[in-house]
Every structure is written in C-alpha cells, then in structure tokens.
Amino acid sequence: MRSDALAVTAAARLGEAPLWDAAAARLMWVDLLAGTVHAYDPARDRDESVAVDGPVAALALLDGPGYLAAAGHEVGTLTWPDAVFTHIATVHGGVRTNDGGVDPAGRFLIGTMSDEASDPGGAALFRVERGGARLVLDGATISNGLDWSPDGSVLYYVDTPLERVDAFDYDVGTGAVTNRRVFADLSAVPGRPDGLCVDADGGVWVAMARGGAAVRRFDPSGSADHVVELPVPHATSVAFGGDSLRDLYVTTSQLRMTDADLEQWPLAGALFRVDSVGVRGREPHRYVR
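Position 126, counted from 1, in the sequence shown is what this note's numbering calls 306; the numbers after and before it change by one each time, with no gaps.
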C-alpha cells in the first residue's frame, strides 16, 4: 500500500519537529540549521517563520499558550509569534538536543546526539518534569524519534545508528522504562530511521533519512504494512495533523546534499503532506509545568 506526498512549503535546510496545534489549526515545525520556527496554516496554504536563538530541535504543546522547545542543551518555553525563550532545564551529553515528545502524564522526554564517528554512545535520553531533568537512558549515539502506544504502556524509540525501532515497557506513573527489545529491524531497507509517530490504531510511522526516501508504517506487532514514498532522499520526522488528524506531515532535509543532488531532488527540505493514509493520528500530549 502506497500514498502520494505533496510539498506544501519551500525548502528548509534541515526540517524537523512537526507538531499539530489543533487550537490554532496549524502545523508547527523547525528548520534546525537556519534557526527558524515555522507555522504552516493549511487553510490558507501559508507558511510563516520566526528566527530564534539557537538550533531548536524539538517542539511540544504546553498546558497554556506557547510551546515547549529544546535548543542546544536547553529546554524551555517559547512564546509565539515573538519567540521569547524561557529556560526550564539543562540536559547534558552529546553536541545538542535532538528529538523529543511528551508522555501521557505531561513529562517531556528529550534525547541528545553525539558524533557517530568520534563519540559513539556519548548521547542520552532525559525526562524533563517539575524539578528539572533526569536521566532515562545513556549510551545512545543519535537519540531520535520517540512516541507512545495509544494506552501509554509502550515507548517506541530510535537510536539512529542501530538501524531499528526499539520498544520499552513504560510506567506512566513514574516515567520508568524497562524491558528494552527490538520492535522493527530496519537494517535491510534503504536509509536510516529518524523521527517517528504513533497513530490511533497503534501503528508506528518511521521517517527514513539518509537515502531512505520514505515513511514506513509498522503495525503493533512490528510488521511493515504501508509505505509513503517521497521525491526526496531524506525524511526526517513525521506527525499527523488536520481537522480530523488524517493528514500525515513529513519534514525533510537537504543535509549532506551537493548542488548536483539538489538539482536532481529540487523538493528536498520541503514540508510534505499526505492527505489520507487510511488511519487517524492522535492529539499530542501537553507538557505540564
């Protein structure tokens, strides 16, 4: 089963962090390398952006106005549209923060990334809640996409160089992770896993970067059952949006692409929308301050 994707914005250098804000009816996302946060309004087919200090890598909804953002090694609130950042917590390990998400209890899990060649295992995954940041998992290299099963009992997680999606048992009451196991082995498919999201039926959608040129869905048993092919080599992250949460949004990247590559794939870096993939997404959880 395959779906067609439509580019809805101009190209970014490194698109990331798609987040549907239902109250504002817009898709938030970032261009990490350009240092901009974007708001795409599908009703007007208009994308607006604001420059921010530092490389924002992750966004989440708040229990009030604005957004939660991770930039550099900092996590804080971000007002919109004036983009004022207010510090909440500092996380350590690696060169910067990367993907993150909010659990069903309102905690924010945020990973870091290290240099794969010079510092493998130098990154980590943290939990940000009242009182600061706590280590959840160390020994990661490029901590990437994460999301929860619909009932919150399973955390799906990507450490990109491992070329797989792992699953943990997740204790919503405490935020503890246990029983790590392989959910989906991606070593035999093109590209490497990056961001991910989970739909209302428990399917796991994985953005494939580094030549993957697709988003791949795995049912709750870990079997592949849907592919969204893209006219670009690097899919970086994925989220559901739209009035009924039936549209799939995919951020992409121009990272490591030459002028010749960009001529071959002129849409690289654009935000893509797939109007229907046969399932609904879920409302993102909100960070509780």
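Glycine residues also receive a C-beta, built at the ideal position from the N, C-alpha and C atoms.
(request) Specify whether the segment 294-312 and the segment 442-459 touch according to this definition: at least 3 beta carbon pairs, one from each stretch, less than 8 Å apart. (result) No, because fewer than three Cβ pairs between the segment 294-312 and the segment 442-459 fall closer than 8 Å, the two stretches do not touch.
(message) Let me check understanding here. Comparing Cα to Cα, which of Leu241, Ala240, Val264, Gly319 lies closest to Gly274?
(response) Gly319
(message) Starting from Glu196, trace the beta strand (DSSP E) in both directions and tell me its first and last residue.
(response) 195-201
(request) Sort out for me which residues DSSP pairs His406 with in a bridge. (result) The secondary-structure analysis by DSSP pairs His406 across a beta bridge with Arg397.
(request) Kindly indicate which three-state DSSP category Asp243 falls into: helix, strand or coil? (result) coil
(message) Quick check on DSSP: helix, strand or coil for Asp283?
(response) coil
(request) Assuming Met388 and Gly402 form a contact by the criterion Cβ under 8 Å, report the distance between their Cβ atoms to the nearest whole angstrom. (result) Contact flag wrong, Cβ pair sits at about 16 Å.
(request) Compute the Euclidean distance between the alpha carbons of Tyr220 and Ala197, then round it to the nearest angstrom. (result) 13 Å
(request) Apply the 10 Å Cβ neighbour rule to Ser229 and answer buried if 16 or more other Cβ atoms are within range, or exposed otherwise. (result) Buried, since its Cβ has 16 or more Cβ neighbours within 10 Å.
(request) Check the DSSP bridge columns for Arg276 and list the partner residues they point to. (result) Met293
(request) In angstroms with no decimal places, state the Cα-to-Cα distance between Thr266 and Ala364. (result) Straight-line spacing of the CA atoms in Thr266 and Ala364 works out to 37 Å.
(request) Give me the Cα-Cα distance between Arg397 and Asp262, rounded to the nearest whole angstrom. (result) 36 Å
(message) Going by DSSP, what residue range makes up the alpha helix (DSSP H) through Asp441?
(response) Residues 439-444.
(request) Using 10 angstroms around the beta-carbon of Pro245, count the other beta-carbons present and answer buried if the total reaches 16, otherwise exposed. (result) exposed
(message) Tell me the DSSP secondary structure of Thr163 in three-state form.
(response) Because the chain spans 181 through 469 in this model, residue 163 falls outside it and cannot be assessed.
(request) Answer yes or no: do Asp351 and Tyr337 have a C-beta to C-beta separation smaller than 9 Å? (result) no
(request) Please classify Met181: does DSSP put it in a helix, a strand, or coil? (result) No answer about Met181 holds up, because its pLDDT of 49 lies below 50 and its placement is not dependable.
(message) For Thr277 and Ala238, which I take to be in contact (beta-carbon distance under 8 Å), what is that distance rounded to the nearest angstrom?
(response) 6 Å
(request) Determine the direct distance from the alpha carbon of Met208 to that of Thr340, and round the result to whole angstroms. (result) 23 Å
(request) With a 10 Å radius around its C-beta and 16 neighbouring C-beta atoms as the bar for buried, classify Leu342 as buried or exposed. (result) buried
(message) Quick test of your reading: Leu428 and Val418, contact by CB under 8 Å. State the CB separation rounded to the nearest angstrom.
(response) 6 Å
(request) Could you check the C-alpha separation between Leu447 and Arg361 for me, to the nearest Å? (result) 36 Å
(message) Spatial neighbours of Gly355 within its chain, please: C-beta separation below 6 Å, excluding the five flanking residues on both sides.
(response) If we look at Gly355 and ignore the five residues flanking it on each side, its Cβ neighbours are Arg287, Arg307.
(request) Measure from the alpha carbon of Gly383 to the alpha carbon of each residue in Ala415, Arg390, His406, Gly375, then state which is nearest. (result) His406
(request) Count the other CB atoms, across all protein chains shown, that sit within 10 Å of the CB of Asp227; report buried if there are 16 or more and exposed otherwise. (result) Here Asp227 is buried. Its C-beta has 16 or more other C-beta atoms within 10 Å.
(request) Name the two residues that bound the continuous beta strand (DSSP E) containing Thr216. (result) 216-221
(request) Using 10 angstroms around the beta-carbon of Leu212, count the other beta-carbons present and answer buried if the total reaches 16, otherwise exposed. (result) buried
(request) Report back the beta-carbon spacing between Val188 and Leu451 to the nearest angstrom; my notes put them in contact at under 8 Å. (result) 6 Å
(message) Alpha carbons only, please: which of Thr321, Gly280, Ala297 is nearest the one belonging to Tyr467?
(response) Gly280
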